[in-house]
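Numbering-wise, the working numbering puts 288 at position 274 of the sequence shown, and it's gapless, one number per residue.
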Amino acid sequence: MTFRASRMSARSFKLFTHLPSMQAPPLLSRQISMDVKSFASRLSSSGLLRSQGLIGGKWSDAYDGKTIQVHNPATGEVITTVPCMGQKETNDAISSAYGAFNSWSKLTAAERSKCLRKWYDLLISHKEELGQLITLEQGKPLKEAIGEVSYGAGFIELYAEEAKRVYGDIIPPTLSDRRLFVLKQPVGVVGAVTPWNFPLAMLTRKVGPALACGCTVVIKPSELTPLTALAAAELSLQAGIPPGVVNVVMGNASAIGDALLASSQVRKITFTGSTAVGKKLMAGAAATVKKVSLELGGNAPCIVFDDADLDVAVKGTLAAKFRNTGQTCVCANRILVQEGIYDKFRDAFAKAVQNMQVGNGFSEGVAQGPLINEAAVQKVESFIQDAISKGAKVVLGAKRHSLGMTFYEPTVLSDVKNDMLIAREEVFGPVAPLLRFKTEDEAIRIANDTTAGLASYIFTNNVQRSWRVSEALEYGLVGVNEGIISTEVAPFGGVKQSGLGREGSKYGMDEYLEVKYVCLGNMSSN
């Protein structure tokens, strides 16, 4: 079904239905509502506010007409509704992707590169609108959201370039009449399951290399933040990427996931999300022996040694902990501080945290927005209560913010022990637990005492120590004297139960390629 402009407009402005509870303060709510309505109007006129799925190049409702609401976490308002799709729609999206694979994969690398480059250009030219859309449905501050657009678009730019660098090999033969060579070919249809915390960047980090290699995709964005994915898909069509190459379905997560896993036409699953769901996808993929890449949960240690520059450590730890309201898989989940600098760091860090402005992401100067939903707030509360009951002390925060809704005060806890829940599992919220350690060996032991292994951070001015500790940490990413380390040009991924495979950089291409060995015989004959 083609998405008509008039229908989009009617649906887009079925907005701002207030929830009966957890309201923001009236003045703030009225101001935000006016800003959001103005923004929605601009998005509608640009064609970026899509509220249907994309199957075979056509915008489609759920076949049974069911919908789900998309909320603004800052106000509780309903932004719009999107289709609640399931198995049938997913199977059609898979068929569409499978049908488009032959022609897309047969294009030259240069032709695919041009399409990706055009997509990148469109993402950048609509950076402001996409950033506003991310803030609207996800809640992060607008400056941070626009930064995500630049970061996310960077993956498309990178893979537009890497598309032309998929090289094979010539192998010296063992017999004189043979020639041996290696081809790299696209794996096929990819099922890409993306999370709500980075609704654009996690999509482009998967779809960019998949398309560059010649694969086609079925994207399942989070039901909490589908609008950014739909806007990105709209821009992919405008960029000239053929119908069926990019498909988007959302709604019943288990039904969509089961369809992707059951289909023999889907040859790869790529997923970013919780470790529990990742394990289920990995098990489900076994039935058809699909390739799997997983970027799962973390429990990032941030180690501050006595010899660290205090200002650098505070600034870096603040960024590593509180970006996106603490809702990232690479957020510092445990802050390990050596005893000689512990008190100074605690006081300076708490002062910096206290200066952070909390509010709606559209407001000027806001550094922290709301948590994604009420369940996230309750998780934060339960972790804090467990820590306090076991002896942790509240330095700052540890309560819901006066703004209401799902806003939570930035929190610092001291005297945290490694056996507390907040040190064992991801809190995924604005809570910084401080743990004390004595020696370098003790810090490494505490840091590695987890089943996770995604990101880690070190603050030290000792070059030898930075090398020793970086090598000893059982993590896929290590930041030294820096709290923001993600970039499209470097490999991103974890070890242990934090996942399989790498995303970003030239290494991210390998996840979407099969290696084929070809032996030519009788080459000495005329």
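Glycine included, each C-beta is placed from N, C-alpha and C at the ideal position.
Quick caveat: nothing in here was measured; it's all calculated off a predicted structure.
Checklist line | Spatial distance of G254 from M523 (CA atoms) | finding: Approximately 22 angstroms between the Cα atoms of the pair.
Next item on the list: Thinking D400 and M434 are a contact (beta carbons under 8 angstroms), I'd like their distance in whole angstroms, please.
Entry: With 8 angstroms as the limit, D400 and M434 qualify as a contact, their Cβ atoms being about 6 angstroms apart.
Check: Do you know how far the Cα of T465 is from the Cα of V441?
Finding: Distance between the alpha carbons of V441 and T465: 15 angstroms.
Next item on the list: Please name the residue in S190, L136, T230 whose C-alpha comes closest to that of G71.
Entry: If we check each option's Cα against that of G71, T230 comes out closest.
Check: Quick one: is W481 buried, meaning 16 or more other Cβ sit within 10 Å of its Cβ, or exposed?
Finding: W481 sits exposed, since fewer than 16 C-beta atoms from the chains shown fall within 10 Å of its C-beta.
Note to self: Give me the residue from T89, F363, G292, P209 with the minimum Cα distance to L238.
What the structure shows: Comparing Cα positions, the closest option is P209.
Notebook entry, point to check: Count the other CB atoms within 10 Å of the CB of V529; is the residue buried (16 or more) or exposed (fewer)?
Noted result: Its Cβ having fewer than 16 others within 10 Å, V529 is exposed.
Item checked: Where M15 sits in the DSSP three-state scheme -> Bear in mind that the predicted position of M15 carries a pLDDT of just 30, short of 50, making it too unreliable to give a figure here.
Check: If you draw a straight line from the C-alpha of A245 to the C-alpha of P257, how long is it?
Finding: Distance from the CA atom of A245 to the CA atom of P257, rounded to whole angstroms, is 15 angstroms.
Next item on the list: Inspect the beta-carbon positions of A123 and V259 and report whether they are closer than 7 angstroms.
Entry: Cβ distance not < 7 angstroms, so A123 and V259 don't count as in contact.
Next item on the list: Run the CB neighbour count on Q511, radius 10 Å, all protein chains shown included, and call it buried at 16 or more, exposed below.
Entry: The residue is buried, with at least 16 neighbouring Cβ atoms inside 10 Å.
Note to self: Just to confirm before moving on: does the CB-CB distance between V318 and N495 stay below 7 angstroms?
What the structure shows: Contact: no.
Item checked: Nearest to T286 (by Cα), restricted to the options D321, P213, E353 -> Cα-wise, what sits closest to T286 is P213.
Next item on the list: Assess, as a yes-or-no matter, whether the stretch 144-157 is touched by the stretch 84-92 under the definition of 3 or more beta carbon pairs within less than 8 angstroms.
Entry: With three or more CB-CB distances shorter than 8 angstroms, the stretch 84-92 counts as touching the stretch 144-157.
Check: What is the DSSP secondary structure of Y165, reduced to helix, strand or coil?
Finding: Helix, per DSSP.
Next item on the list: Would you list the residues sitting across from Q382 in a DSSP beta bridge?
Entry: Answer by DSSP bridge pairing, in chain order: V372.
Margin query: Residues in the same chain with beta-carbon distance under 6 angstroms from Y526, minus the five sequence neighbours each way, listed in chain order, please.
Written below: Taking C-beta separations shorter than 6 angstroms and ignoring five residues to either side along the sequence, the partners of Y526 in its chain run V201, P223, A224, C227, C229, following chain order.
Next item on the list: To the nearest angstrom, report how far apart I270 and P235 are at their CA atoms.
Entry: Near 11 angstroms, if we compare the C-alpha coordinates of P235 and I270.
Notebook entry, point to check: Among all the DSSP beta bridges, which residues are the ones paired with G205?
Noted result: DSSP output for G205 lists V232, I283 as bridge partner(s).
Next item on the list: Could you pull out every unbroken alpha helix (DSSP H) segment of at least 4 residues lying fully inside the stretch 80-122, listed in chain order?
Entry: Runs of the alpha helix (DSSP H) inside the stretch 80-122: 101-120.
Check: Would the stretch 442-451 and the stretch 377-396 be scored as touching if the rule is three or more Cβ pairs under 8 angstroms?
Finding: Counting Cβ pairs under 8 angstroms, three or more are found: they touch.
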